[in-house]
Amino acid sequence: MSMTPSDVKATLSFSDGSPNMDLPIYKGSIGPDVIDIRKLYAQTGKFTYDPGFLSTASCNSTITYIDGDVGELLYRGYPIEQLATNCDFLETCYLLLNGELPNAGQKEEFVESVTNHTMVNEQMQFFLRGFRRDAHPMAVMTGLVGALSAFYHDSTDINNPEHRKIAAIRLIAKMPTLVAMAYKYTIGQPYVYPKNDLSYTENFMRMMFATPCEDYKPNEVLVRAMDRIFILHADHEQNASTSTVRLCGSSGTNPFAAIAAGVACLWGPAHGGANEAALNMLEEIQKNGGVEKIGDFIAQVKDKNSGVKLMGFGHRVYKNYDPRAKLMRETCHEVLNELGLQNDPMFKLAMALEKIALEDEYFVSRKLYPNVDFYSGIVQRAIGIPVPLFTAIFALARTVGWIAQLNEMIGDPEYKIGRPRQLFVGAEKRDVKPMAQR
Ligand code: ACO
19 MSMTPSDVKA TLSFSDGSPN MDLPIYKGSI GPDVIDIRKL YAQTGKFTYD
69 PGFLSTASCN STITYIDGDV GELLYRGYPI EQLATNCDFL ETCYLLLNGE
119 LPNAGQKEEF VESVTNHTMV NEQMQFFLRG FRRDAHPMAV MTGLVGALSA
169 FYHDSTDINN PEHRKIAAIR LIAKMPTLVA MAYKYTIGQP YVYPKNDLSY
219 TENFMRMMFA TPCEDYKPNE VLVRAMDRIF ILHADHEQNA STSTVRLCGS
269 SGTNPFAAIA AGVACLWGPA HGGANEAALN MLEEIQKNGG VEKIGDFIAQ
319 VKDKNSGVKL MGFGHRVYKN YDPRAKLMRE TCHEVLNELG LQNDPMFKLA
369 MALEKIALED EYFVSRKLYP NVDFYSGIVQ RAIGIPVPLF TAIFALARTV
419 GWIAQLNEMI GDPEYKIGRP RQLFVGAEKR DVKPMAQR
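Residue numbers for the sequence shown follow our numbering, beginning at 19 and rising by one.
See the structure below:
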């Protein structure tokens, strides 16, 4: 699939008599057209200005499509609702990486290949030991993922398709092991090695919750919930961390280093850190009076000077209910029912908060709806995942999206190193004065 030139052209005119410039327009398969400004600087000596990329497409892509106005998310054309209901995470990984869902044989081969790469080099343990036990898991993950490039020299050439393929498998396979190791290190328990007769998600949960004294018996509902969390977080087109991975990888650096950059970006509370922040917020409201105090909290959120945001609400692209939030809400019910936690005060609080926010003029007029993070924290907490690990689990799931996007970029003949320009507003050229005159 490629960009199709449109019959319509844009013309840029200037009020100072400079000549007009015709700008080509390209059409995608769905979604907004793009105005091609690549020759703008050469022809006019001007840049465009778009901090935060509010109106800028940084690439063309065939992987994920979001219609934020209707609240639709498609991976390779398939609605997220269908994938979350009919497929498992590894099928979704195969789809994101290869463009098509696997048939039975392809799935078997892919699962086997991922399963055979779940162990990490034993030296990783010593690397991990260098961290403080109370380090944030995302600090540990940034280090561990970056360190993979020091262990797997035979898959670090980003320009070699075979290296890219094996790096993709290694990253997808080893992320659960690394996240579980980071957790076990924090709580001072021995690491649990992966076990090849378990599914990807069962294996992760066993590495998290088993000990040498007591094995973990996978619970179907909880495993399915965790697998769904992975599917829902697997990709989300050109978000901040994915763009970071693309930009980082555009210099030709190795895939492990580029993914480590994505992990670092995801950590922020405006992005992947929002699930942790959302749960902390709910705990804070609960502590200060719970449902009764929602009104006070909402008033604080609406007061621009308070600096308080309703975490888990709002999204740069979705101006409607995030489809992932709907699925996560459903999963939340299932998990709480399974665990006999139907009356979980945090869930009740979240539902009450959501109801009030969805009716409030402040949120309605700004089209602020719950995003996936609003409910994923409650689900993970119920499963037994400690709050600081939430973002690391998001990183585990998003790794496939990052690597699919990175490989797409490297395989694109038009790819160039990413190098934005700027509007300089600082001091003009001046001379350094001797110290006594400054
Ligand atoms: N609570 C209160 N007000 C909000 C919120 C919120 N969560 N989100 C946006 N607003 C307000 C802004 O203050 C702004 O109001 P104004 O027009 O009166 O100035 C308006 O809504 C538009 O918001 P922007 O900040 O311009 O939107 P932007 O696209 O830049 O930000 C973001 C999107 C960062 C996600 C924002 O909504 C936010 O901070 N939400 C909370 C954090 C969060 O949940 N992040 C998760 C994102 S999803 C993910 O990473 C999986």
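Beta carbons: idealized from backbone N, C-alpha and C, even for Gly.
In this text the structure is predicted, and so the values were computed from the model without any measurement.
- Annotated three-state conformation of Asp-85 is strand, per DSSP.
- With a threshold of 6 Å, the Cβ atom of Ala-288 counts as near the ligand ACO, since some heavy atom of the ligand is closer than that.
- Look at Gly-206: its beta carbon is at least 6 Å from all of the heavy atoms in the ligand ACO.
- In terms of Cα proximity to Phe-65, the closest of Lys-451, Val-390 and Phe-442 is Phe-442.
- Contact between the region 362 to 380 and the region 255 to 266 is absent, with fewer than three C-beta pairs closer than 8 Å.
- With distances taken between CA atoms, Phe-107 lies nearest to Val-418 out of Leu-424, Cys-77, Pro-287 and Val-418.
- Per DSSP, Asp-40 is one residue of the beta strand (DSSP E) stretching across 39 to 45.
- Between the region 193 to 206 and the region 140 to 156 there are three or more C-beta pairs closer than 8 Å, enough to call the two in contact.
- Sixteen is the threshold: when 16 or more other Cβ atoms of the shown chains lie within 10 Å of the Cβ of Met-299, as they do, the residue is buried.
- If you look at Val-26, you'll find it in the beta strand (DSSP E) that goes 22 to 30.
- Contact between the region 411 to 428 and the region 183 to 190 is established, with three or more Cβ pairs separated by less than 8 Å.
- Val-197 counts as buried, since no fewer than 16 other beta carbons sit within 10 angstroms of its beta carbon.
- Using a cutoff of 6 Å, the CB of Gly-332 counts as near the ligand ACO, since one of the ligand's heavy atoms is closer than that.
- Taking each of Pro-406, Ile-312, Ile-374 and Arg-334 in turn and checking the Cα distance to Phe-71, the smallest one comes out for Arg-334.
- Residue range 179 to 205 is occupied by the alpha helix (DSSP H) that includes Leu-196.
- In this chain, the beta strand (DSSP E) harbouring Glu-90 covers 90 to 93.
- Between Ile-401 and Ala-243 the beta-carbon gap is near 7 Å, inside 8 Å, which marks them as a contact.
- With contacts defined as CB atoms closer than 7 Å, Lys-337 and Asp-87 qualify as a contacting pair.
- Assigned with DSSP and collapsed to three states, Phe-331 falls in strand.
- Straight-line spacing of the CA atoms in Asn-134 and Pro-194 works out to 13 Å.
- Contact check for Ala-278 against Val-132 fails: the beta carbons are separated by 7 Å or more.
- Remark: three or more beta-carbon pairs, one from each stretch, lie closer than 8 Å, so the region 263 to 276 and the region 430 to 445 are flagged as touching.
- Relative to the ligand ACO, the beta carbon of Met-369 is positioned no closer than 6 Å to any heavy atom.
- Less than 7 Å divides the Cβ of Tyr-93 from the Cβ of Leu-113.
- Here DSSP, grouped into helix, strand and coil, assigns Ile-247 to helix.
- In this structure, the beta-carbon distance from Asp-68 to Thr-62 does not fall below 7 Å.
- CA-to-CA, the gap between Ala-168 and Asp-430 works out to about 27 Å.
- Residue pairing from DSSP places Tyr-96 in a beta bridge opposite Tyr-93.
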